[in-house]
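Residue numbers (our numbering), protein chains in the order written: chain A, 218 to 316; chain B, 102 to 589; chain C, 5 to 480.
Where is the CB? At the ideal position from N, CA and C, for every residue including glycine.
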Amino acid sequence: MANFIDDRTIEYVGILAKLELSDEEREAAKKDMGRMLDYIDKLNELDTSGVEPMSHVFPVQNVFREDVVTNGDESEKTLGNAPEEKDNMFVVPRTFEGN
Amino acid sequence: MRGKMDKSELLHLSAVELNRAIREGKTTAVEAMEAVLEQIEKKDGQYNCYVTVAGDTALAKAAEVQKKIEAGELTGPLAGVPVAVKDNMCTEGLLTTCSSKILENFVPAFSAEAVLQLERAGAVVIGKTNMDEFAMGSTTETSAYGVTRNPRNPEHVPGGSSGGSAAAVAAEECFFALGSDTGGSIRQPASYCGVVGMKPTYGTVSRYGLVAYGSSLDQIGPLTKTVEDCAAVLETIASHDKKDSTSVERADTDFTSALVKDVKGMRIGIPRDYLGEGLDSEVRDAVLAAAELLQANGAVVEEFDLSLVEYAIPTYYTIAAAEASSNLERFDGIKYGYRAKDAAGLHQMYKKTRSQGFGPEVKRRIMLGSFVLSSGYYDAYYLKALRVKAMIKKAFDDAFAKYDCILGPVAPTTAPELGRSLADPIKMYLGDIYTISVNLAGLPGISVPCGADSRGLPIGLQLIGDCFNEKKLIQTAYTYEQCAKEGN
Amino acid sequence: MAREYETVIGLEVHVELATQTKIFCGCSTAFGGRPNSHTCPVCTGMPGSLPVLNKKVLEHAVAVGLATNCDITRYCKFDRKNYFYPDNPQNYQISQLYLPVCRNGYVEIETEEGIKKVGIHEIHMEEDAGKLIHDEWEDCSLVDYNRSGVPLIEIVSEPDMRSAQEVIAYLEKLRLIIQYLGASDCKLQEGSMRADVNLSVREVGAKEFGTRTEMKNLNSFRSIARAIEGEKNRQIDLLESGEAVIQETRRWDDAKETSYAMRSKEDAQDYRYFPDPDLVPVSISEEFLEEIRSRQPEFRTEKMKRYREEFDIPDYDIDIITGSKHMADIFEETVALGAQPKKVSNWLMVETLRLLKEKELDPEDIRFSPEHLAKLIALTESKAVNSTVAKEVFEVMFEEDIDPESYVEEKGLKTVNDEGALRRTVEEVIAANPQSVEDYHNGKEKAIGFLVGQTMKAMKGKADPAGVNRLLKELL
């Protein structure tokens, strides 16, 4: 396997994606990611010099809205599924830069 | 006076036929809904097509719709017809889970635009269908709410990720369904279950309200019993939606006008690259037989080299995983959904919620996606994939300069047995080989049943069109369907 | 011999744009309101929601770019900046990294050494995050998404500044330009303008930049100045003791006058930027640029020049008045209504500035209209009210923008110009105060002041003091 994924990489990706894996899951993840990246490496067989990366399939541009208020007080809907709520706000574990 | 139809005869009807029967007084919207609910009662214990059945709400809505039909207020071909909606489309007031634990209690405050279009036309939502979690999978086995069984053979998968929708149509637990297709998730389950399924050109159906997986690839589309139904449903849900920046304004959405039985002069190309190793021989035979039938009816059919086929899958998985890793960041236990208990602090809460709430396939793709976007790898993986995507689009553009439609299989095999696919993810991904590039290039594609293998498992015929050319696909598919029915 | 260091400073300034609605949805940006009352599925990251760009945001961003001499990027895109934090409902912020809307501009500031150009690396559009509040009673925080999705432009400068003074001058210049454009009210204390300071030190003459740190939570010019001083010293101390400066983000605590590192191993600072697939690119045409250019107002320098030519008012007044577009507008409109420039500038420079200072407000907060100011001035000109009454009326006008004419009528504040009644009152006052009269005759000029006062009291203030004075002198 050309792409060797180690514990550190999995841990790093876990921080980025906010996922924590059990020991078993971690072993499987290392193997799976390595194999997938090997497979994705196949793309290096292609000479893509001079080809622009295409993020949008069609040349649609300039989709705008007018600066007009269309929404009213939807706080009930917004908070309707809140796991924890207080004073019309979402409750979260304490953060350190709130003021 | 409204007549009462024999239940099984009623359930056999296509959506359009049902609407006609309702308008002619042979049955009612309520009767149709009752029949479907009874069928679900009977069969869904085994098939598990549905995550949520709206039961009483659906019957009440059907009664309302019936009144409007009688009053002449709802005159479209889907009025009164019960529809199943894949559980990754928001339905106001109705549980929407994406078949994931992390949304086990999520009730949206708004409905997806495509659902609203159907409701405006008088279709009535029965409930939400099972799927692969967050649309990541090809067998509906990654659902947190159990597997769905293929009604043609319950030991086999229905395909995925719109497995519940396809199975519901096949099992007559609905008259038509909505699915979503990011890499083949409508077409492949349609093929495995023996129903019609279509993914329109990117931007044709609004994505507002569709829980995003691969934003640049996702499209909502119909799963139906017939090509006629497919055209009618697509016509109803296609719209230019101001709430979706990627929604395309189209003048030509009268898809039912293409229901013409005629393929004389239709130039059909079959990619040689699709017919090679890995394709099951029975599938190949059925697909080529379909091509011959079209040829016998006047189409000009020939093989050609599409090229780049083997690069489609790694390109797709890089892009889809990258977009998905970002799209799924919002599931964090703060605003909605599952939230882990007893977490020591904010970041622990995030990690535990997501690790407990997501299944292994979703986690796998999120991790891959985060990796390919991460510092140092973005150019080598993500940008590279976007360049190959451009090349794949160009290959199709070149092909469509010569052909009206591209014809091929939907999947290399018929539906595999349950429990065989998840152990080897890459092998599973390889099954997407014929459908995936269609999403990368934003093209329309349809799957039509074209026979069965020796075990009775359905085989699907795929037709791919140039962007905005659904009508050619519908015409070809319709012609095939009609000719095949007549046995010529 | 101690080494000499120079401080190298660059700024990242976030400005809240003055649009009616948020950048990607139709929710109101109005300040205040119950928590989460200005929210919708889009700005709260509900599953299935999608963004659509507010055209006005683009217009403001391009206008600011043009006014700061930037190149406008004709084809620009939005990128997602991915990081987890509760004030960020999607856990990604839609911003612009790869193709920001404006690049390579500059503003000119006045320094002790003369005019200096501070380069602007780029300006981009992005969305603001929600607000986090610490709960007083329980160990948790609370999230309000009203501010989530409010449009921002981020102005990134080149590391061209060398002192706190230059930083302040730069910020003041930016604020002036942006206020003149009407793009934002740029108030540091209210958060409509936020500055993050990137600072490094190096020995004088060194070619390379030192390692820089980023400082956040600077809510006033004063804390910016202190933070710069503090950080500069901290870095120099480190280097002098042979240690290295660590690149990190630091949070400034103004009360403690110190900063501390916001390091966290849970935060990789790897934002994985990629083009947002839910938004389409923006292509800016020549016509669009022309349209924005044509809307550019007369900026301060031109205005000052014009005022010097057109109005006979002191340079100092011109400086102050043009320092705020709002004040300048009021000045010009009041003059256009016929009031004398000198009188208008006087009301602005004296009474207005006094009240603004007293109430700790900015010139942007002036609420009275040019029409009303013009009326008040006319009332004083015609001596319908005296200066004391005028000041009182002005204070009410400042608070509530009342029509001075109707107010004066209502409250019966008009100066009594009836010579006869006045004469009678003066005579009564003279009769009632023989001691003062005697004092006056004995040479005490001040005594007449007392008598004027008594007369004014008797007239309930509705007399013209000068007229009273004249009459007294006549009768005594």
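Per-residue contacts from residue i into chain D (C-beta, under 8 angstroms)
i	result
A/Phe-275	Note that chain D does not occur in the displayed structure, where the protein chains are A, B and C.
Minimum Cβ-Cβ distance from residue i to chain A less than 8 angstroms
i	result
C/Ser-152	no
C/Val-56	yes
C/Ser-224	no
C/Asp-481	Outside the displayed range of chain C (5 to 480) lies residue 481 of chain C, so it cannot be described from this structure.
B/Thr-243	no
C/Gln-344	no
C/Asp-132	no
B/Pro-91	Residue 91 of chain B lies beyond the residue range present for chain B, which begins at 102 and ends at 589; the question has no answer from this structure.
B/Ser-475	yes
B/Phe-472	yes
B/Pro-526	yes
is_contact[residue i, chain B] using C-beta, thresh 8 angstroms
i	result
A/Glu-269	yes
C/Pro-93	yes
C/Asn-86	yes
C/Val-45	For clarity, residue 45 of chain C is Pro in the given sequence; the question names Val instead. It does; some Cβ of chain B falls within 8 angstroms.
C/Tyr-96	yes
A/Met-253	yes
C/Pro-51	yes
Residue i at chain C interface by Cβ criterion, 8 angstroms
i	result
A/Asp-223	no
B/Arg-308	yes
B/Ala-397	no
A/Met-250	no
A/Thr-265	no
B/Leu-558	no
A/Thr-312	yes
Exposed unless 16 or more other CB atoms sit within 10 angstroms - verdict on residue i
i	result
B/Ala-542	buried
B/Thr-536	buried
C/Val-2	Given that chain C is displayed from residue 5 to residue 480, the structure contains no residue 2 of chain C and the question cannot be resolved.
C/Tyr-411	buried
C/Ser-224	exposed
A/Pro-276	exposed
C/Val-147	buried
C/Gly-69	buried
B/Thr-176	exposed
C/Gln-273	exposed
B/Arg-121	exposed
C/Gln-439	exposed
Beta-carbon proximity list for residue i, same chain, < 6 angstroms, skipping 5 on both sides
i	result
B/Glu-383	Asp-554
C/Lys-220	Asp-200 and Arg-255
B/Lys-344	Tyr-309
Residues near residue i by beta carbon distance below 7 angstroms, same chain, minus five either side
i	result
C/Lys-346	Asp-316 and Ile-317
C/Arg-427	Leu-475
B/Ile-414	Tyr-530, Leu-531, Asp-533, Ile-534 and Ile-537
Segment contact flag, the segment 571-588 of chain B with the segment 517-533 of chain B, C-beta cutoff 8 angstroms, min 3 pairs: no
Segment contact flag, the segment 185-202 of chain B with the segment 308-321 of chain B, C-beta cutoff 8 angstroms, min 3 pairs: yes
Members of the segment 278-302 of chain A near chain C, C-beta cut-off 7 angstroms: Gln-278, Asn-279, Val-280, Phe-281, Arg-282, Glu-283, Asp-284, Val-285, Val-286, Thr-287, Asn-288, Asp-290, Glu-291, Ser-292, Thr-295 and Leu-296
Contact the segment 368-376 of chain C vs the segment 399-414 of chain C: 3+ CB pairs below 8 angstroms: yes
Near-chain A residues of the segment 429-456 of chain B - C-beta to any C-beta below 9 angstroms: Leu-429, Glu-430, Asp-433, Gly-434, Ile-435, Lys-436, Tyr-437, Gly-438, Tyr-439, Arg-440, Ala-444, Ala-445, Gly-446, Leu-447, His-448, Gln-449, Met-450, Tyr-451, Lys-452, Lys-453, Thr-454, Arg-455 and Ser-456
Members of the segment 282-308 of chain C that neighbour chain B once the beta carbon cut-off is set at 9 angstroms: Asp-282, Leu-283 and Val-284
Members of the segment 152-177 of chain C that neighbour chain B once the beta carbon cut-off is set at 9 angstroms: none
Segment contact, 8 angstroms Cβ cut-off, at least three pairs: the segment 329-339 of chain B with the segment 201-221 of chain B: yes
Chain-ordered residues of the segment 229-248 of chain A with a beta carbon less than 9 angstroms from chain B: Tyr-229, Val-230, Gly-231, Ile-232, Leu-233, Ala-234, Lys-235, Leu-236, Glu-237, Leu-238, Ser-239, Glu-242, Ala-245 and Ala-246
Three CB pairs or more closer than 8 angstroms across the segment 68-83 of chain C and the segment 39-46 of chain C: no
At least three beta-carbon pairs within less than 8 angstroms, the segment 558-566 of chain B to the segment 495-509 of chain B: yes
Touch test, the segment 492-506 of chain B against the segment 249-262 of chain A, Cβ-Cβ under 8 angstroms, three pairs minimum: no
Contact residues within the segment 573-588 of chain B, judged by C-beta distance below 9 angstroms to chain C: none
Three or more C-beta pairs below 8 angstroms linking the segment 268-279 of chain B and the segment 177-196 of chain B: yes
Segment contact flag, the segment 389-396 of chain C with the segment 429-449 of chain C, C-beta cutoff 8 angstroms, min 3 pairs: no
The segment 46-56 of chain C in contact with the segment 141-159 of chain C per 3-pair CB rule at 8 angstroms: yes
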